[in-house]
Structures are given as C-alpha cells and as structure tokens.
Amino acid sequence: MGNRQEPDHRQGQDDQKPADRFPGLDRFAAGANHIAGRLRPGSSGREYTVVDPATGQEVLTYELAGAADVDAAVAAAREALPGWAGATPAERSEAMHRFAAELDARAEELARAESLQCGKPLKLTREFDVPGTIDNTAFFAGAARHLQGQSAGEYSGDHTSYVRREPIGVVGSIAPWNYPLQMAAWKVLPAIAAGNTIVLKPAELTPLTSLLFAEAATAAGIPDGVVNIVTGAGREAGEHLVSHPDVAMTSFTGSTAVGKRVAELATATVKRLHLELGGKAPFVVFDDADLEAAVNGAVAGALINTGQDCTAATRAYVQRPLYEAFVSGVADLMAAVRLGDPFEAGTDLGPLISHAQRDRVAGFVDRARAYATVVTGGVAPHNAGAYYRPTLITGAAQDSEIVQAEIFGPVLVVLPFDSDEEGLALANDTPYGLAASAWTRDVYRAGRATREIKAGCVWVNDHIPIISEMPHGGYKASGFGKDMSSYSFEEYTQVKHVMFDNTAVARKDWHRTVFGDR
Ligand code: NAD
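Here you go:
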C-alpha cells in the first residue's frame, strides 16, 4: 500500500481495553448465537476473533455457528411460528412497544458495542445508529396493527372475495457489517411485525449488537424462538440458512456479488427473495446550486460511516461553472475532518471496519493514480488502526474502475459535466441504482432529476437522511424489495384470495363449460 504518513490527529488509544469501552462484553462468553431466547456457543469447530479496528486489539473470540446451529435456530423459529403468527396484531404491537423500551434502556450500551466492533465514532452511533433503530422499532410496533389488504367485494356478482395478508413463515436473513444494529432492525422488525419468525445471520466481524438486539427482544417478552441470531461464516452458516427447506424466505443485505450467489441458492428452493445490494450513488450539482450546501453535503455524504455506506455519495458530477470551486471546497473540508479514536470526543471519522478493508480501499486509490489525480488523502496513517484519510479524486474517466466500482471507503470522485442531459446520463451510467442526489435551486431541474435518475431514493439538496416511514431499496444491480416503511410488509407477507360462493346453487351456470348444456 502506497503513501503512508504520520497522523496529525489522535488515533486509536491502545491503553484502553475493549472491556473498558464496552463493559458488557463478558456475557458473550456464553456464545455468539441467540437461539430460543438464550445465548449459545457455535459448534462449527472454527473460531473467529472480533477485532477493534481502531486499535487492532482483540475484542472477542467465539466459535462460529455451523450447519447444526442453523438447524437449531430454524427449528426454534419453526416452533415459535404458530403462536406468534396467531397472536393478534395488538399483542404483537404491545410486545414490540416493550421491545422499543428495552432498546431505549440499553441505548448507551448499544452505542458503545457498535462503536467498538465497527470503529464508528460514538457521536455517530449515539445520534444515528441507535436512535434510528429505536425509532424503527416503535414504527413497526405501530405498523403491526395496520397490515392492509384490498377491500372485500362481490366482483363476480355471485361470490364475495377478500384478501388475507398472511406471514410467510420462517425468514432467513443475512446482514453486512457496515450498520450491524440497523441492518438487524431492518430485517427483524417488519418480519416479526407481520407475524413471521426469523433467523438472522450477522456478519462474522460484527455480532455484538445483533445479539444485544435479540437480548432486548427476549427481555421485552417476545416469545423465545421468534428472533434468533446465528453468527457463522457466509459460505457455511449463510448458505445453509438460504438453502434450508424449512426457511420460506431469504432477505439478504450485502454485496451484489454475494447477492447473486444467494439468489441462485434461494431460487433452487423456490424461496421469496429480498435483495438489498451494493450502491455507487451519484451526487449531481447543477450550476445554480448553493455551492456551500453542496460542498458540505458532499463531504458528509461521502464520509459518513467512513464511506462504508451503500448510499454514500461516491461520484459527484458538477456542472462546469461550479466545478473548480466545488473541488477546492471539498478538498479543504476533507482535510479538516478529524480522524481519531471513535471513543474520543471531537473525532469525526473512525477507521474502516478492518485492515483488510483499508487495504482494499487503498488498492482502488493506488490503481487510480495511473489515470487520475488524487487531490487530497490517498494515505493511511501509520498506526495500529485501520484508518484511511478522506480522499478526493479528479480526472478519472467515466468508465474507469474508481468511477464504476463500489469502493466502500472515504473516497469521492468528482467529474465535470456541461449540459443537464449529460449530467443525468452520467449519473445513471453504472450498474447500480440505490440512491442519488440532485443539487439545484430550480424546481424544474430538480423535478427532472428525480424523474430521470434510476435509483430507489433521490434526495434534492441533501444526501443520506433516512426515515422509518419511507422505503429503502434498490433499482438495477442494487437489488429489489424494500426495507423500512409499510412497503416492507409487501416483502414479509403473502396475500391470499378467499372466494365465497353466495348462491348456494348446486349446479352452477359455469359448470356447463365442463359438462352438459344449459
Ligand atoms: P458481503 O456480501 O461480503 O457479506 C454480507 C453477508 O453475507 C455477511 O453476513 C456474510 O457473512 C454473508 N455471506 C458471504 N458469503 C455468503 C454466501 N456465499 N452465502 C450466504 N451468505 C454469505 O457484504 P459486506 O462486505 O458484509 O457488506 C458490504 C456490502 O453490503 C456492500 O456491497 C454494501 O453496499 C452492501 N450493503 C447494502 C445495503 C442496502 O441496503 N442495499 C445496506 C448495507 C450494505
């Protein structure tokens, strides 16, 4: 990896032990699976160590879940299904309100555990990951009572038809490491609000907050077996969960490459499938935009969670008159961002999730040096943590790797454009379609951008905010299906047409199409 330099900000403080940062660590000595309401060790025979990416210190070593652990979790979910699916919406809702209260009571513990395993600054986990999760839980507690079907009616004249909206069964979910708590919430909440039970596999790197989330569910009185966590490797526990004959649905959030493999396996067993995959969000700045707002928005949108965000601003297209000022504004602001220890007040940006991810990001940037200009950043400080400086790149071709591939790090590429048509065409020119933003004070330009950009979310004059009431999900290679909002019930329910004959006639008129005459 090229161009390392000494940090000019505080970095990981290795005098602080993981147990000082998150005092609740001891309980995971019992294992990294939560099955039928209690923690259990894995039985794959293979150990995994969670590492604090800010310091390189070992946080927790646990035995990975194997196929037998997945089987036990699926069996627990199956056993819990009739009772939970048969509970009234009000009963499920009350339990989920208690769940939200249990999470609220654990808010600081959840924030510290998330910061420890991910390297996220505490201000991010305290102000974004944790309150967002509690709000999601409260939202789905309410939404559990608002499952809707079409109205009943006599559509044939001789029958009454109505639609029942029913749970699908045992859901198997797989989550990534970038927002472990929020991803657990996005998977678990709509599934259980709709009456399903679930087995969730978090990423091996980040099991702590999914386990705390399940612990809060159990403490809230959500019956044992409704929410289960198995922490195992993707190839082993993940594939076994996706292929499991007793699992009715697969909900996957992760990379497009793994999503394709998951889709193959789920299709082989004819499962309902929901895929939330990678992104490469464009950030389109028209020449009438508020430049200061766009510069601030680009830096915040590119660097949130150290750029490990599927909706992060990754490609800024700036109309020629604003291009130079935008590049210098972003470079100056990026240089002022304070890298540092996630547990220190005043830290803006933590490390990447792992040293391997840091080296992967550095690889993308180092390869780009051959064909583009690294304006700022492009260096990893010399220390024990997996840090990488905020990086701004210009001069890359639209079809180059740095513009097309998902980097998942604190790297923003800026390219100029001339006409509005060109800017919008460039924005759409990757395989992904998860999120995008348009920056303009012209309502017609904004309207056009929101119509023409092919993405599951388009912000106008902002980039990143999400809200429980609104859907999140991709177009194109970013997947299909929605998380959050009442739209997620479409994923986690199936509709049944029920048709009653109203005539009580033994020989019905339509029977003559099969036997006899009128
Ligand atoms: P990843 O695809 O490597 O892993 C995701 C999960 O899949 C992990 O739990 C992993 O153990 C599991 N897995 C790996 N191989 C598997 C297999 N063969 N079968 C079953 N499961 C398997 O992704 P990651 O590196 O953990 O996360 C980063 C990716 O997630 C990025 O591409 C990012 O864009 C994406 N992401 C998408 C969204 C969204 O809402 N669209 C949200 C967050 C992250």
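The sequence shown runs 273 to 790 under the working numbering.
Where is the CB? At the ideal position from N, CA and C, for every residue including glycine.
Keep in mind the model is a prediction, meaning the values are calculated, not measured.
Can you check the region 330–413 for any beta strand (DSSP E) of at least 3 residues that lies completely inside it and give the ranges in chain order?
List check, beta strand (DSSP E) in window: 330–335.
Report yes if the CB atom of ASN408 is closer than 8 Å to the CB atom of GLY441, and no otherwise.
No, they are not a contact pair.
So, SER316 versus ALA349, is the Cβ gap smaller than 8 Å?
Contact flag unset, no.
Assuming ILE576 and ILE736 are in contact, meaning their beta carbons sit under 8 Å apart, how far apart are those beta carbons, in whole angstroms?
Rounded, the Cβ-Cβ distance is 6 Å, consistent with contact.
Within the same chain, show all residues whose beta-carbon is closer than 7 Å to that of LEU594, passing over the 5 residues directly before and after it, in chain order.
Taken in chain order, the residues that qualify are VAL557, ASP559, ALA561, LEU563.
Can you list, in chain order, the residues of its chain with a C-beta nearer than 6 Å to that of TYR434? Leave out the 5 residues immediately preceding and following it.
Closer than 6 Å at the Cβ level, and outside the excluded window around TYR434, lie ALA424, VAL770.
Under a three-way DSSP split, which group does ASN275 fall into?
Because ASN275 sits at a pLDDT of 40, beneath the cut-off of 50, its placement in the model cannot be relied upon, and the following sentence gives the value as read from the coordinates. The answer is coil: DSSP assigns ASN275 none of H, G, I, E or B.
In its own chain, which residues sit with a C-beta less than 7 Å from the C-beta of ALA707, not counting the 5 before and 5 after it?
Around ALA707: GLY551, ALA553, THR583, ALA727, GLY728, CYS729.
On the CB-based measure, 16 or more other CB atoms within 10 Å of its CB, does PRO688 come out buried or exposed?
Result: buried.
Let me check one thing: in DSSP terms, what residues is GLY705 bridge-paired to?
Paired residue(s): TYR747.
To which residues of the same chain is ASP496 closer than 6 Å at the C-beta, ignoring the five residues directly before and after it?
Correct list, in chain order: ALA308, GLY309.
Do ASP755 and the ligand NAD come close, with the Cβ less than 7 Å from some heavy atom?
Checking the Cβ of ASP755 against the ligand NAD gives yes.
Does at least one heavy atom of the ligand NAD sit under 7 Å from the Cβ of THR481?
Not under cutoff, so the answer is no.
Determine, using beta-carbon pairs with one atom in the region 351–363 and one in the region 659–667, whether at least three such pairs fall under 8 Å.
Judged by Cβ distances under 8 Å, the region 351–363 makes no contact with the region 659–667, as fewer than three pairs qualify.
Determine, using beta-carbon pairs with one atom in the region 380–395 and one in the region 588–607, whether at least three such pairs fall under 8 Å.
Result no; under three Cβ-Cβ pairs closer than 8 Å.
Output the boundary residues of the alpha helix (DSSP H) element that contains LYS543.
Taken as a continuous stretch (DSSP letters only), LYS543 belongs to no alpha helix (DSSP H), as it is neither H nor E.
Going by beta carbon distance, what residues of the same chain come within less than 6 Å of ALA339, once the five residues before and after it are set aside?
Only HIS512 meet the Cβ criterion.
Identify the residues that DSSP records as bridge partners of ALA776: which are they?
Bridge partners of ALA776: none, in fact.
Run through DSSP, which three-state label would PRO439 get?
Looking at PRO439 - three-state DSSP - the assignment turns out to be strand.
At a cut-off of 7 Å, would you count HIS744 as near the ligand NAD, judging by its Cβ distance to the nearest heavy atom?
Yes, the Cβ of HIS744 comes within 7 Å of a heavy atom of the ligand NAD.
What three-state label does DSSP hand ILE501 in the structure shown?
Of the three classes helix, strand and coil, the one that applies to ILE501 here is strand, per DSSP.
According to the neighbour-count rule (16 or more other Cβ atoms, all chains shown, within 10 Å of its Cβ), is GLU426 buried or exposed?
Burial call: exposed.
Give me whichever residues DSSP pairs with HIS431 in a beta bridge.
Bridge partners of HIS431: ASP773.
Run through the DSSP bridge pairs and tell me what ASN305 is partnered with.
ASN305 pairs with ARG312.
How would you call LYS768, buried or exposed, if buried means at least 16 neighbouring beta carbons within 10 angstroms?
The residue in question, LYS768, is exposed, as its Cβ has fewer than 16 Cβ neighbours within 10 Å.
Between the Cα of VAL609 and those of THR648, ALA488, PRO479, spot the shortest distance and give me the residue it belongs to.
Nearest C-alpha to VAL609: THR648.
Could you check whether the region 460–479 touches the region 403–418, counting it as contact only if at least three pairs of C-beta atoms, one from each stretch, sit closer than 8 Å?
With a cut-off of 8 Å, the region 403–418 and the region 460–479 count as touching, because enough Cβ pairs lie within range.
Is the separation between the beta-carbon of LEU483 and that of PHE300 shorter than 8 Å?
The answer is yes: Cβ separation under 8 Å.
Check GLY635 in the structure and name its three-state DSSP category.
Residue state, collapsed to three classes: helix.
Near GLU330, what residues of its chain come up, given a Cβ to Cβ distance below 7 Å and the 5 sequence neighbours on each side ignored?
The residues are THR321, VAL323.
Who are the Cβ neighbours of ASP376 in its own chain at under 6 Å, not counting the five residues just before and after it?
Once the five neighbours on either side are set aside, the close Cβ partners of ASP376 are ILE406.
Verify whether the separation of the beta carbon atoms of ARG587 and PHE555 is less than 8 Å.
Closer than 8 Å, so yes.
On a Cα-Cα basis, can you pick out the residue from GLU476, VAL519, LEU477, ASP755 that is closest to ILE470?
For ILE470, the nearest C-alpha among the options comes from VAL519.
Can the beta-carbon of GLY296 be found closer than 8 Å to that of THR503?
Not a contact, by the Cβ cut-off of 8 Å.
Distance check for GLN629 and PHE485, CA to CA, integer angstroms please.
The alpha-carbon atoms of PHE485 and GLN629 are separated by roughly 26 Å.
Could you tell me the alpha carbon to alpha carbon distance between PRO279 and GLU741, rounded to whole angstroms?
Bear in mind that a pLDDT of 46 at PRO279, under 50, signals an unreliable position, so the model cannot answer this.
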